[in-house]
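If you read the protein sequences in the order shown, they are chains A and B.
For reference, each letter of the first sequence is one residue, going 3 to 343 in the numbering used here.
For reference, each letter of the second sequence is one residue, going 3 to 343 in the numbering used here.
By construction, the Cβ of each residue, glycine as well, lies at the ideal position given by its N, Cα and C atoms.
This one's a predicted model, so the numbers in the text were calculated from it and none came from an experiment.
Protein chains: 2
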Amino acid sequence: MRVSLKDVAERAGVSIKTVSNVVNNYQHITPAMRARVQHAIDELGYRPNLTARHLRKGRTGIIALALPELANPYYAELAGAVIDVAAEHDYTVLIDVTGGRRRQEAQVGQGFRARVTDGIILSPLELRPEDLRNRDDDAPLVLLGERGDGVPYDAVAIDNVAAARTAVRHLTGLGRRRVAFLGGRTDDTAHPAHLRLRGWREVLATQGVEAPDHLIAPTNGWDRADGAEAMTRLLDTDEPPDAVFAYNDLLAIGALRVLSQRGVRVPEDMAVMGFDDIAESRFGAITLTTIAPDKRAIARLAIESILTRLQDPDRGPDSLRRGELRPEYRLMERESTLGRG
Amino acid sequence: MRVSLKDVAERAGVSIKTVSNVVNNYQHITPAMRARVQHAIDELGYRPNLTARHLRKGRTGIIALALPELANPYYAELAGAVIDVAAEHDYTVLIDVTGGRRRQEAQVGQGFRARVTDGIILSPLELRPEDLRNRDDDAPLVLLGERGDGVPYDAVAIDNVAAARTAVRHLTGLGRRRVAFLGGRTDDTAHPAHLRLRGWREVLATQGVEAPDHLIAPTNGWDRADGAEAMTRLLDTDEPPDAVFAYNDLLAIGALRVLSQRGVRVPEDMAVMGFDDIAESRFGAITLTTIAPDKRAIARLAIESILTRLQDPDRGPDSLRRGELRPEYRLMERESTLGRG
DNA sequence: ATGAAAGCGCTAACAA
DNA sequence: TTGTTAGCGCTTTCAT
């Protein structure tokens, strides 16, 4: 059996409390006593039982991070950032993969899945605001992505609409007149794809550039294969676009693959933009221009939100824009849009 | 405050034990009693406190997975597989990122980092066998990757030497005479890079093909940039290779990027092989031939090893090859080695 | 079939 | 400065 405080206390000939004091680095212990207890601890190889400690204190030192999937490098990179930042605060991260399914996301939000965590960072895809109503979990929750109206939690998200505008303006600034959108999704207005689509619409509207619905290529998923499939469809229309703005880098990379196979020159015949700035974007035969959200800042804001509420549980959603925390983003110009084409 | 068993018991007018019985789906409860208790549970919105349960039972339902990094898609994909398999057994996965640093890996192995887990899956990069001596953590440990001799733990790993032989034979079978190895590492004989390098040596030796040391291109890391840098060096030698076998896909992808920039045709002038079969390999301008370890099988063997030892703590390392569990691997032939070049 | 009570390992009042 | 004790919420003998 594992050695407990009691065993150490017996060994050192002191009380349990004294040992606990030493373990927790309490102030008022005589050096001699500390040394004696430490000796017993080392001898017995004692290590605290976190479960017991948690039961008593109500803290585990674990933060849950719920993501749609790890196969998308954006989420993997984001997870890495969260893990780094959490480690700086002596927190461990437990990763929960939701598959982007609404039911699973709602369960995470309710704290039903990872129930041993001090806080929850949830990156939803299909979650609706009402799924968070009557949440009776006491662990602080912070959302990654735009939150719906009236959701009383912090939400960390870049301004997707503005970022999309930046991206599309870059394309029209290159002289492109037929800018397609890859990954359109018309149904769910809270989905990031919808917000980016809106940015696309807005720019094209103000510039008097043609923005008809047939330049929107919807996709089933958000992976490379979906991008390839959608690009193929666009190329097979009567009037193919001269630029595409993809919902994310993965779709854009799938598109680049098809363009390469079909012999369409990038960026000369077709400028391509992604979104996410995953590492892969910097190493294809043609590197990908993309919007780079500040992942480190996202992680920092999320962790800070949780730590703040852990200290002050009654605190509501935070300051800026009614609880919306806005990390920065940058446009990374690379080969896929280089020159004037 | 949160509602506990006691609250439910009071509400239903029964004892704590009876409520516990209902919650745990015990056998001998009258339907009437069950209904009554369930009603109180629903009314109060009771949810069991896992921490307390675990303090009592000694299990958390959490398995730790320690990986060098998440930025490498191979690890991200592997983590996804582990999470899936764990979920099938009602286990949650806590991911720990070691950065591939020996000290961190040793701490994970000792159970010092994630101390609330029922078992530990450790994928080491720099860990030495001696770091696992005198391990005094009671949680079952399983290693991902070849274990050193005399390490009394299960280790799940494909046969790296054999897989490398398969890869290099594929290249020589194409008629290539100067097959370089990208990512050589000469110092650490336990490192997977060393094992793959050994496979490379063995094949070239038996085929009477030139295998001089200047065809080994060492790299500092295992990322795309390192591959690009090493490929550049190889191209700038007097007699560049006509094929390269990279330690992993990331290095190979970096190499492909350089080849594309330099106008070297792949596979005509240069055949390229990777290792890992990350999703990215299937979507470049030139898709990458690679060795595909069965990630799902790796995850399954690792989880099963832990579950087995959880049931029978005294059980030693398992059956096959003294504790080495051997998942399968396949050669995925793609464009980067297609045809006879 | 249900109840009473002990105790998992720890922390935090309170006492000394 | 150190010791005693109660109790976090649960499961689990042992009674009934």
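Touch check for the segment 74-93 of chain A and the segment 293-307 of chain A: three-plus C-beta pairs under 8 Å?
yes
I'd like the span of the beta strand (DSSP E) that includes tyrosine 331 of chain B, first residue to last.
331-334
Output yes if chain A places a C-beta closer than 9 Å to the C-beta of leucine 322 of chain B; else output no.
Its pLDDT being 47, under 50, leucine 322 of chain B is placed unreliably by the model, and the measurement read from it follows with that caveat. No, its Cβ sits nowhere closer than 9 Å to a Cβ of chain A.
Report the rounded CA-to-CA distance for aspartate 120 of chain A versus leucine 72 of chain B, giving the unit in angstroms.
23 Å
Cα separation between leucine 52 of chain B and alanine 66 of chain A?
15 Å
Among A:Arg187, A:Arg180, A:Leu237, A:Asp244, the one whose alpha carbon lies nearest that of proline 214 of chain A:
A:Arg180
Along the segment 46-63 of chain A, what residues have a CB closer than 9 Å to any CB found in chain B?
Gly47, Arg49, Pro50, Asn51, Leu52, Thr53, Ala54, His56, Leu57, Gly60, Thr62, Gly63
Would you list, in sequence order, the uninterrupted beta strand (DSSP E) runs of no fewer than 3 residues that lie entirely inside the segment 226-278 of chain A?
245-248, 273-277
Every unbroken alpha helix (DSSP H) within the segment 27-103 of chain A, with a cutoff of 4 residues, ordered by chain:
33-46, 52-59, 75-90
Output yes or no for whether 9 Å exceeds the beta carbon distance between alanine 192 of chain B and proline 131 of chain B.
yes
Got a sec? Which residues, its chain only, sit under 7 Å from aspartate 296 of chain B by beta carbon, not counting five neighbours each side?
Pro329, Glu330, Tyr331
Would you kindly work out how many angstroms separate the C-alpha atoms of glutamine 40 of chain B and aspartate 92 of chain A, rounded to a whole number?
40 Å
According to DSSP, is leucine 7 of chain A helix, strand or coil?
helix
As a quick exercise: from B:Tyr76, B:Leu7, B:Arg4, B:Asp44, pick the residue whose alpha carbon is nearest that of alanine 281 of chain B.
B:Tyr76
Use the C-beta contact count for tyrosine 28 of chain A: other C-beta atoms within 10 angstroms, 16 or more gives buried, fewer gives exposed.
exposed
Report yes if the C-beta distance between leucine 173 of chain B and methionine 275 of chain B is below 9 Å; otherwise report no.
yes
Which one of B:Ala11, B:Thr292, B:Phe285 has the shortest CA to CA distance from arginine 225 of chain A?
With the sequence shown as reference, residue 225 of chain A is identified as aspartate, and arginine is not the correct amino acid for it. It is B:Phe285.
Beta carbon proximity, aspartate 296 of chain B to chain A, threshold 9 Å:
no
Threonine 291 of chain A and arginine 235 of chain A closer than 9 Å at C-beta:
no
Sorted by chain position, which residues of the same chain lie with C-beta nearer than 6 Å to valine 163 of chain A's C-beta, five sequence neighbours on each side aside?
Leu197, Arg200, Gly201
Helix, strand or coil for aspartate 133 of chain A, going by three-state DSSP, please let me know.
helix
Please look up how many angstroms separate the CB atoms of alanine 42 of chain B and valine 10 of chain B, rounded, as I've assumed it's under 8 Å.
5 Å
For chain B, find out if any of its Cβ atoms is closer than 9 Å to the Cβ of phenylalanine 247 of chain A; answer yes or no.
no
Identify, in the order they occur along the chain, each residue of the same chain with its Cβ nearer than 6 Å to the Cβ of aspartate 278 of chain A, setting aside the five sequence neighbours on each side.
Tyr76, Asn250, Asp251
Taking the beta strand (DSSP E) that isoleucine 123 of chain A falls in, what are its first and last residues?
121-124
Report back the beta-carbon spacing between alanine 108 of chain A and leucine 129 of chain A to the nearest angstrom; my notes put them in contact at under 8 Å.
6 Å
Which residues DSSP lists as bridging proline 295 of chain A, in chain order
A:Tyr331
Counting contacts by CB-CB distance shorter than 9 Å, is arginine 135 of chain A in contact with chain B?
no
Chain B beta carbons: is any one of them nearer than 9 Å to that of serine 262 of chain A?
yes
If you count every other CB in all the chains shown that lies within 10 Å of the CB of glycine 47 of chain A, and 16 or more means buried, which is it?
exposed
Which value, in whole angstroms, describes the spacing of the CA atoms of alanine 219 of chain A and arginine 267 of chain A?
20 Å
With 16 as the cutoff for other CB atoms within 10 Å, does threonine 100 of chain B come out buried or exposed?
buried
Cβ-based contacts, 7 Å cut-off: residues of the segment 69-91 of chain B near chain A
Glu71, Leu72, Ala73, Pro75, Ala78, Glu79, Ala81, Gly82, Ile85
Tell me whether histidine 56 of chain A is buried or exposed, calling it buried when 16 or more other Cβ atoms sit within 10 Å of its Cβ.
buried
Ignoring anything shorter than 3 residues or poking outside the segment 151-219 of chain A, list the beta strand (DSSP E) runs there in chain order.
156-158, 181-186
Cβ pair alanine 287 of chain A, arginine 187 of chain B closer than 9 Å
no
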